[in-house]
Amino acid sequence: MQNDTTTRFDWITISLYLIIVLFGWINIYAACFDDMHSAVLDFSRQHGKQLIWMGISFLLAVAILLIRPRVFSNTAYIIYGLVLVLLVLTLFIGSVTNGGQSWIDFGAFKLQPSEFAKFATALALSKYVGDINTDLKVRQTQGILSFIVLIPALLILLQHDTGSALVFSSFLLAFFREGLSAYILIIGVLAVALFVAALLINKYLLMGILAVLCLGYLFVWLSKRTSKNYWHTAIFFAACCLFTLSVDFTFEHVLESHQRDRIYVLLGKIEDPKGVGYNVNQAKIAIGSGGLTGKGFLNGTITKADFVPEQETDFIFCTVGEEWGFLGSLLLIAAYVGLLVRLIVLAERQRSNFARFYGYSVAGILFFHFFINIGMVLGLVPVIGIPLPFFSYGGSSLIAFTMLLFVFIRQDADRNSLF
Amino acid sequence: MADKYSNRSGTVKIIFLVVGVIFIARLATLQLFDKEYKEKAKNQSLRNITQYPARGLMYDRNGGLLVYNEAVYDLMVIPRMVKDLDTNYFCNALGISREDFLARMEKAYSYSPYSASIFMKQISKEEFGRWENLLYKFKGFYISKRTLRLYERPIAAHVLGYVGEVNEHDLEENPYYKRGDYIGKSGLEASYEEQLRGVKGKKIMQVDVHNREIGSYMHGQLDTMPLEGMNLYTTIDADLQEYAEKVMANKRGCIVAIEPATGEVLTLLSAPCYDPNLLVGRIRGENFVKLNEDISKPLFNRALQAQYPPGSIFKVAQAMIALHLGVITPSTGFVCDKVLGCHNHPSAHSVQEAIKMSCNPYFYYTYRRVIQQGRYKNIYKDSQYGLTVWHDYMNRFGFGTRLGLDLPNVKRGNIPDTAFYNKWYGKERWAFTTIYSNSIGQGEVEVVPIQMANLAAIVANKGFFYTPHLVRYYGPDSIRNPEFYERHETGIEKEYFEIAQRGMYDVVHGAGGTAHKADVPGIAVCGKTGTAENYGNDHSVFIAFAPMENPKIAVAVYVENAQGGGGTWAAPIASLIIEKYLKGEVERKDFEHYYMEINPCQKLPLTRRIKKPKKR
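Chains as they are written, first to last, in this note's numbering: chain H, 2 to 420; chain D, 1023 to 1638.
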């Protein structure tokens, strides 16, 4: 029986997980390396601590694989409730690090509840979606689901951890799979495009271009010119103009100044490699100097010389780029994409809505982290401080991601025994 | 559970793959195609540390040390790395005030908080020794070793020159120099800069974000060792130089002594002299201002840069050219008819006598024959021809040309040519009568003292000279400059120079000679007196060479604004120089004492003397 279960675990996913975690540790070791503290088991150093987190994570993973899968769906709301309590508690007793009040201090270690909130929210959402009585077409259901996502997101936003709060938008992927209108995604993409365009070029010019496009759509491409089409186009145009005009307000009054700067740096409107653009510039230098094969393990001149801030956490990919070069980076990206695609394959073979939705949630969360983290290091998206899953230094993040993933692996192993 | 949205899984996978491909494409541009980042990485994580070679030393002609180096220390600071500094303790140790400390820190900070800048310059070994063992307490400060020039004997400042920090011009001119480097600014230090400086070495160190060194780069494969500067073996006779400076200590003027057979400069000075040690190290700036503002212009190298009318000494060259052109013969005589002002003397019946007595009318008539040789009926055309020939021969004597000696800023003087007068008076608007003042070394003729010493050498050599120079050879391979071994001929017959020599011998020894004070017992000194018209009193000038047979030394002495002509002041001083050099010691103690103590130079400042208007 035990053997049967073991063979049913998806070893491809587990292998990819192990590869990423171990390669991550190697790079943390390199990023923090100095000649005085080269002992692998030096637990006062980050690489030593990460070994402890890895040990805990592996134990937890094994434990999760041994637990009956029903336990997770049955306790989903309890876990979700507990995490909400922790998030609220964090607001009152949390310690402040890097401007974010995200940690609860337990003396020997610090817990970051927001990392676990993703896992809990994924469980709770999946539980609700998986309920036989749930009909996603019902407004009330949609409202409840939105609440489940938005409550933790808002609590995290209150901790000034915008990055982690944004991660909750990744559940859109799972909802997309469950039938969320593709228009929402298209509107989302359009909004981002308009936002960027409004920052880069004159707003009235932009509206002019939109007007030309709309008119062109109406009179050149559109075959049936019904009054309904006219109205829709007009409304669309009006909405775009309003949005465009609101960009300035959003930008100046909703975003904080460092967020504005990061966006400007990305768009190339600020050239300040010594100031607000420092991180990204240094990251690019570190990665760019790696070349095809990299400078070799422990030989990174930029990362080892502490030019890149946060290099063992959010900017860990710099170390990969510099020391392992294009080939190493390529393999890491391939491993992530492989893991993500594999998760979709697994999710699709689930027989319960709970497991499928949970699988997509896991894939969505991991993808969002992967996209934002590496995108920011490569200077493709604004700097948003979220870790690279399984790879960045950090106990809460590694443990939470491990739980997130292995609960799904456990569900997958049991996919046929349900019902 | 097949549902109508299961096909959306494909879309999701495509999104994942597309993001992966975008990342890989971005990585490829950053890592494989864009070279900019590799360059930047090098620039910021590597620091080139310059290793300064020791500057070459200088020796005199007898192997005595003239210039050497002394280690000094620059205290460097990296402001960002200064931590837990006990400011009072630090200031006390260094002996500076708190305000001074703050000002220096401010300056360093404004240069760069992360890079090293000089906190305190040129700290002596002794001073550094007082707080060397405390240095470890001052985080962010470190010591950089430099060298300073020091001078074994406080002599020959004008010849040796001085070294100073490079300026903007130097930096633009030559990429070898970096800010803060030293460069020869004048004298031999400047003209042999490339040989003396050596080649800087380079050490590449890896640094971290705080600019701390964290090890060598590529195990030092790219590092280069500094190449030591080459030593200069000069032609200066330090003993003679020191003696000459002592003689001129309280006077203004200059002395140039040359070994005629080689062109090697034995002594070159411009009085007032100054101690070269004054222009070294931290005291340099202050002293430089003082010297620069001194009314007697000690920084002005008169021997190379002062352009005077040559006066009567010029007559020697005039006579040689006239003889060579055949416009007079050795036995040509002219009556001293006072066509030009002259002193009382019998008329000269030969060139030799004319030189001895320095008869002005004699050279007036001689020069007339040189300028108006009768080749053309038109006296203007005739004068043009004559002047061109004369100008050419004067050039061969080194007059009106920049002598190619190995010191910077040598003036050329002026020998007027036809173009000069055409410009001044108009073409064919001038003839001998317009320019006759040149005949006795007045008028438009100007010479530099070194050219006068060279004239003495030419007569000593009977018609040729080697370019005067101050360095025999340099470096471990004893490299010599071939230009200094090229014999420059005047093209004038030897026997005419023998006449000049006899005339110059008579100047010192003969009855009616103008410079009996130049006589050195036991040595056949030949000389010629002169006065150089100037503001204030005329300069007293004398050129000489000795001994007459196989001359060892040719010398020119200028004493500024000294009443009484060349024979009164310059001649006895020249005799002291000759005696010192040929005998090693001056035996005429009273004579020596007298001319050392006395200062015949008119007191400064001079009031401008009204010059007689130029003839038109």
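The beta carbon of each residue, even a glycine, is placed where N, CA and C say it ideally should be.
- Taking CB atoms only, lysine 138(H) has no neighbour in chain D less than 7 angstroms away.
- Those residues of the stretch 1041-1072 of chain D placed with their C-beta closer than 8 angstroms to a C-beta in chain H are Val1041, Gly1042, Ile1044, Phe1045, Ile1046, Arg1048, Leu1049, Ala1050, Leu1052, Gln1053, Leu1054, Asp1056, Glu1058, Tyr1059, Lys1060, Lys1062, Ala1063, Lys1064, Gln1066, Ser1067, Leu1068, ordered along the chain.
- Going by DSSP, glutamate 1267(D) is part of no beta strand (DSSP E) but of the alpha helix (DSSP H) stretching over 1260-1269.
- The beta carbon of valine 1608(D) is closer than 7 angstroms to those of Leu1598, Glu1601, Lys1602, Glu1614 in its chain, skipping five residues each way along the sequence.
- Between valine 338(H) and chain D, the shortest Cβ-Cβ separation is below 7 angstroms.
- By the Cβ neighbour-count rule, lysine 1360(D) is exposed, with fewer than 16 other Cβ atoms within 10 Å of its own.
- Per DSSP, the continuous beta strand (DSSP E) segment holding arginine 1509(D) begins and ends at 1509-1511.
- For a Cβ distance threshold of 9 angstroms, nothing in chain H lies close to glutamine 1243(D): the least Cβ distance comes to about 14 angstroms.
- When the alpha-carbon of glutamate 1281(D) is set against those of Asp1541(D), Asn1476(D), Glu1194(D), the nearest one is in Asn1476(D).
- Only those residues of the stretch 183-200 of chain H whose C-beta falls short of 9 angstroms from the nearest C-beta of chain D are listed: Ala183.
- Proline 1075(D) and asparagine 1309(D) have their alpha carbons spaced roughly 27 angstroms apart.
- When secondary structure is reduced to three states using DSSP, histidine 1367(D) falls in the coil class, being assigned neither helix nor strand.
- Under DSSP, methionine 1142(D) takes part in a beta bridge, and its partners are Leu1097(D).
- Here the alpha carbons of glycine 1085(D) and proline 1331(D) stand approximately 37 angstroms from one another.
- Taking a contact as a CB-CB distance under 8 angstroms, the pair glycine 1209(D) and leucine 1182(D) counts as one, their CB atoms being some 5 angstroms apart.
- The beta-carbon separation of alanine 1260(D) and leucine 1088(D), rounded to 6 angstroms, stays under the 8 angstroms limit for a contact.
- Proximity of arginine 263(H) to chain D, defined by a Cβ-Cβ separation below 7 angstroms, is not satisfied.
- Taking 9 angstroms as the cut-off between beta carbons, the residues of the stretch 312-337 of chain H near chain D are Gly322, Glu323, Gly326, Phe327, Ser330, Leu331, Ile334, Ala335, Tyr337, in sequence order.
- Its chain contains Arg1390, Ile1393, Gln1394, Ser1405 as the residues whose beta carbon lies nearer than 7 angstroms to that of phenylalanine 1454(D), once the 5 sequence neighbours on both sides are disregarded; these appear in chain order.
- In summary, the residues of the stretch 290-309 of chain H whose CB is separated from some CB of chain D by less than 7 angstroms are Ser290, Gly291, Gly292, Leu293, Thr302, Ile303, Ala306, Asp307, Phe308, in the order they occur in the chain.
- Judged by their CB atoms, histidine 1367(D) and glycine 1206(D) are not nearer to each other than the 7 angstroms cut-off.
- Interface residue (Cβ-Cβ distance to chain H less than 7 angstroms): phenylalanine 1038(D) is classified as such.
- Assignment of lysine 1167(D) by DSSP, reduced to helix, strand and coil, places it in the strand class.
- Checking the DSSP bridge columns, you'll see isoleucine 1595(D) has no partner listed.
- When Ala1325(D), Asn1029(D), Asn1556(D) are compared, the shortest CA-CA separation from glutamine 1624(D) is found for Asn1556(D).
- For isoleucine 149(H), the enclosing alpha helix (DSSP H) stretches over residues 140-159.
- At the C-beta level, lysine 1550(D) and isoleucine 1335(D) come within 7 angstroms of one another.
- At a cut-off of 7 angstroms between beta carbons, glutamine 1228(D) contacts chain H.
- Per DSSP, leucine 299(H) lies in no beta strand (DSSP E) segment and is marked neither H nor E.
- Exposure of tyrosine 1616(D) is indicated by the presence of fewer than 16 other C-beta atoms within 10 angstroms of its C-beta.
- Uninterrupted beta strand (DSSP E) stretches at least 3 residues long and entirely within the stretch 1041-1073 of chain D occur at 1068-1073, given in chain order.
- Glutamine 1329(D) is a Cβ neighbour of valine 1470(D), given a cutoff of 7 angstroms.
- Less than 7 angstroms separates the beta-carbon of methionine 1227(D) from that of arginine 1069(D).
- The beta-carbon distance between cysteine 1295(D) and glutamate 1267(D), rounded to whole angstroms, is 5 angstroms. This is short enough to meet the 8 angstroms contact definition.
- The DSSP assignment places complete alpha helix (DSSP H) segments of no fewer than 4 residues inside the stretch 45-97 of chain H at 47-67, 71-94, in order along the chain.
- When the five nearest sequence neighbours on each side are left out, the beta carbons in the same chain lying within less than 6 angstroms of the beta carbon of valine 1529(D) are those of Lys1378, Gly1535, Thr1536, Ala1537, Gly1549, Lys1550, in order along the chain.
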